[in-house]
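Residue numbers (the numbering used here), protein chains in the order written: chain S, 1 to 251; chain F, 1 to 251. Presented below is the structure to which this report refers.
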DNA sequence: ACATATCGGTACGGTATCAGACAAACGCGT
DNA sequence: ACGCGTTTGTCTGATACCGTACCGATATGT
C-alpha cells in the first residue's frame, strides 16, 4: 500500500487518497512527501452551488482544493456594487490570503458551478508550507497567477466590450470544467461581468449568431472553441500563459 | 556609530543609511537587523519620470523601495490596450513577483511622478527574505495589499463613473506624496484611467466645480480632501484599510 | 519677442450600455 | 393538463462615454 491519507465521504466511506488519482493541479504538483503529510487531514467534501468558501474580512477556517466545479472571487464596494475579479476550479485553491500571511481578505469566494474537492484546516496548511519551502513556493506562484488574472480582468473591465468579456469568461470556465456545457443563468453571468442582465442576453446572441456557442435555458454550450478564442483575441490568453508558466498546464 | 549601510548618490557622496531616517514604509517596518543587513547593498538612486522599474515579462535586475515619487503598475493587452492596475510610492516596493517566486510579471512598472529611492539587486533581496521569515512575511503582506488594490481597481473600472474613478486616483496619489500638488497632464491621466483624454478634462471640471480640487496646466491641487473622499465614497477606502491592516499607516 | 511644441478646452455625431418595464417561453410540481 | 415561478427575449428612452477634429492657451528655447 502506497502512502496517502484517508478520504471521508459523507462520514461513511473511508479510503486512501492517492496523489495520482487527484485532479487538483496544486495537489498533484506538490512533492509526494508533502502530499502524504497533508493527506492525513484532507477531507473530500461536496461543494454545492452558492457555498461560501471564504467570507469577506473573516479568516477562512478551511483551505479548499476543488476537484470539480468552479468558484468565483468577488469584490464588493461599500455601496453594494460587485464584480468578479477571479475564477478557479481544479487549477487552484483558496484562500491565497493565507499564503500571503494576511489571514483574511475582503473578497467573497463562493461556488458558482457545483462540484467537490478537498478541504483541510487552514492552520494545518499554514503549518505545512511553513515547514516546506517548495510547497510555499508552489502556492505563492499560484497566488501570482490569480493576481495576474485579476489584473487582466481589470484591464478588460476598463476597455473591452461586453461580448468580448463574455467570451473570455466562457473560455475561462471551459478551461476549468470537463465537457462543453456550462450551467448558468443570465442573471448570474450579469453579476460576474458587472453588467445588466439583458446585456448578457444580447451578448450571448452575438456569440450564438457567430456560431461560437449554443445558448439554451440555463446552459451555455461551447460550439467552436478555436473561433471563440479568435473572437476573444485581445482579451483572453495572457493570464492563462502566466498560469502555465508559473504552475503548469491549465486544461 | 550605529548600524547602517552606505548611501551612494551619483557615485560621489557616501554616507551611512539609518533606518530611522528612511521614509519607505517597508524599509522602516522591517527589523533593525534585517535592515542593517540589506543596507550594505542599498543604493540611493534618482527615479526620473518615465523610468521603468520593471519591464513586462523580463526579470527585474533590481528591487526598488521608493522614498519619493510615484510608480504605476500597468497591464497591457496584446492589441495594445492598457490600464493601470496599481500605484505605489513610499508605501511599497517592486517587484512583488520576486516575493511570489515568480521571477517576473507581465506588467510595466514605471515612475509616474519623479522621485528617488533605494534599490538593491533583486537576488540580494531574495536571499534576504529566504533567510528571514519575518521579512518575507512583511513583503508578502504588502503583496496582498497590492493585489487588493488591483481588485478594487477592477471593480471600479467595471461599475464607477469616470469622475469618481478620477477622484479615487487623486486620493491615492495624495496619500503617497507630500504636498497637495500633483504634477500630471490630462494625457497621462487618461492612460492611467483607460479613458479618452477629453474625458479627463471634463471629469476634472466636475471636481473643480464642486470645489474639491484646483486644476491648472500640468498640475492638480487637492483643495478639500475630506469632500473629495466623500465624493469618492463608494470607490475609495477599502484597499487603503487593507493596507493599514496588513502593513501599517499609509500617510 | 517670436517661433514652436505641448497642453487643455470644446464641439459633433455615433454607439455601447444603462434603467426599467413587460411579455413570452420554459420547466416543474400537482 | 394546469398553474406558477424562473428564466429569457424585447422594447423605449436616457446617458455616459467614445473617436475625431480643431482651436486657443501656455510654456520653452533662441
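Virtual Cβ for every residue (Gly too), placed ideally from N, Cα, C. Everything numeric in this text was worked out from a predicted model, so none of it was measured.
Residue i: first and last residue of the uninterrupted beta strand (DSSP E) it sits in
i, result
"residue 181 of chain S", "181-183"
"residue 187 of chain S", "Per DSSP, residue 187 of chain S belongs to no beta strand (DSSP E); it is in the alpha helix (DSSP H), 186-193."
"residue 47 of chain F", "43-47"
"residue 52 of chain F", "52-54"
Where residue i meets chain F, residues with beta-carbon distance less than 7 Å
i, result
"residue 152 of chain S", "75"
"residue 214 of chain S", "Correct list: empty, because the minimum Cβ distance to chain F is about 27 Å."
"residue 143 of chain S", "100"
"residue 202 of chain S", "Those do not exist, as residue 202 of chain S stays about 18 Å from chain F at its closest Cβ, beyond 7 Å."
"residue 140 of chain S", "100, 101"
"residue 94 of chain S", "None at all; the shortest Cβ gap to chain F is about 14 Å."
"residue 219 of chain S", "The contacting residues do not exist; residue 219 of chain S stays about 25 Å from chain F at best."
"residue 222 of chain S", "Under the 7 Å cutoff, chain F gives no residues; its nearest Cβ is about 22 Å from residue 222 of chain S."
"residue 273 of chain S", "Not covered by the structure: residue 273 of chain S. The range shown for chain S is 1 to 251."
Amino acids of chain S, ordered along the chain, whose beta-carbon sits closer than 9 Å to that of residue i
i, result
"residue 125 of chain F", "Within 9 Å Cβ-Cβ: nothing; residue 125 of chain F doesn't reach chain S, min ~15 Å."
"residue 47 of chain F", "Near residue 47 of chain F there are no residues of chain S at all, since even the closest Cβ is about 23 Å away, more than 9 Å."
Nearest-angstrom beta carbon gap, residue j and residue i [assumed within contact, 8 Å]
i, j, result
"residue 168 of chain F", "residue 235 of chain F", "5 Å"
"residue 111 of chain S", "residue 47 of chain S", "5 Å"
"residue 182 of chain F", "residue 170 of chain F", "7 Å"
"residue 120 of chain F", "residue 38 of chain F", "6 Å"
"residue 107 of chain F", "residue 239 of chain F", "No, residue 107 of chain F and residue 239 of chain F are not in contact; Cβ-Cβ is about 17 Å, not under 8 Å."
"residue 87 of chain F", "residue 70 of chain F", "6 Å"
"residue 154 of chain F", "residue 154 of chain S", "4 Å"
"residue 41 of chain F", "residue 124 of chain F", "5 Å"
"residue 117 of chain F", "residue 68 of chain F", "7 Å"
"residue 56 of chain S", "residue 24 of chain S", "Contact doesn't hold; Cβ gap of about 24 Å is too wide."
"residue 83 of chain S", "residue 159 of chain F", "6 Å"
"residue 91 of chain S", "residue 250 of chain S", "6 Å"
"residue 138 of chain F", "residue 166 of chain F", "With a Cβ gap of about 32 Å, residue 138 of chain F and residue 166 of chain F do not count as contacting."
"residue 184 of chain S", "residue 220 of chain S", "7 Å"
"residue 31 of chain F", "residue 156 of chain F", "With a Cβ gap of about 36 Å, residue 31 of chain F and residue 156 of chain F do not count as contacting."
"residue 200 of chain F", "residue 186 of chain F", "4 Å"
"residue 78 of chain S", "residue 16 of chain F", "Incorrect: roughly 46 Å between the Cβ atoms, too far for contact."
"residue 19 of chain S", "residue 27 of chain S", "7 Å"
Proximal chain S residues relative to residue i, where beta-carbon distance stays under 7 Å
i, result
"residue 23 of chain F", "The premise fails here: residue 23 of chain F is roughly 24 Å from chain S at the closest Cβ pair, so nothing lies under 7 Å."
"residue 44 of chain F", "None at all; the shortest Cβ gap to chain S is about 29 Å."
"residue 246 of chain F", "102"
"residue 242 of chain F", "106"
"residue 159 of chain F", "81, 83, 194"
"residue 166 of chain F", "The premise fails here: residue 166 of chain F is roughly 13 Å from chain S at the closest Cβ pair, so nothing lies under 7 Å."
"residue 97 of chain F", "144"
"residue 228 of chain F", "Per Cβ cutoff of 7 Å: no residues; residue 228 of chain F is ~16 Å from chain S at best."
"residue 250 of chain F", "Those within 7 Å of residue 250 of chain F in chain S number zero; the least Cβ separation is about 16 Å."
"residue 148 of chain F", "105, 106"
Contacts of residue i in chain F (Cβ-Cβ under 8 Å)
i, result
"residue 234 of chain S", "77, 78, 79, 81"
"residue 135 of chain S", "Simply none; closest approach about 11 Å."
Unbroken alpha helix (DSSP H) run spanning residue i, endpoints
i, result
"residue 247 of chain S", "Premise fails: residue 247 of chain S is in no alpha helix (DSSP H) and is neither H nor E."
Within chain S, the residues that residue i reaches when beta carbons sit closer than 8 Å
i, result
"residue 28 of chain F", "Those do not exist, as residue 28 of chain F stays about 18 Å from chain S at its closest Cβ, beyond 8 Å."
"residue 207 of chain F", "What residue 207 of chain F touches in chain S: nothing, since even the nearest Cβ is about 19 Å away."
Residues that residue i contacts on chain F, provided the C-beta gap is smaller than 9 Å
i, result
"residue 238 of chain S", "75, 76, 77, 78, 106"
"residue 171 of chain S", "What residue 171 of chain S touches in chain F: nothing, since even the nearest Cβ is about 15 Å away."
**Message:** Please give the ranges of any beta strand (DSSP E) in the stretch 198-238 of chain F, keeping only runs that are unbroken, at least 3 residues long and fully inside the region.
**Reply:** Counting only runs of 3 or more, we get 213-216, 219-222.
**Those runs of the beta strand (DSSP E) which lie wholly inside the stretch 12-39 of chain S and span at least 3 residues** = If we require 3 residues or more, the beta strand (DSSP E) runs fully inside the stretch 12-39 of chain S come out as 13-16.
**Message:** Runs of 3 residues minimum, wholly inside the stretch 61-118 of chain F: which ones carry the beta strand (DSSP E) assignment?
**Reply:** Complete beta strand (DSSP E) runs here, min 3: 62-76, 82-88.
**Item:** Runs of beta strand (DSSP E) wholly within the stretch 132-184 of chain S (minimum 3 residues, chain order)
**Value:** Those beta strand (DSSP E) runs which fall completely within the stretch 132-184 of chain S and span 3+ residues are 181-183.
**Message:** By the 8 Å beta-carbon criterion, what residues does the stretch 54-69 of chain F contribute toward chain S?
**Reply:** Correct list: empty, as no residue qualifies.
**Request:** Anything in the stretch 175-189 of chain F with a Cβ closer than 9 Å to a Cβ of chain S? List those residues in chain order, please.
**Result:** Against chain S - using a Cβ distance shorter than 9 Å - the stretch 175-189 of chain F contributes no residues.
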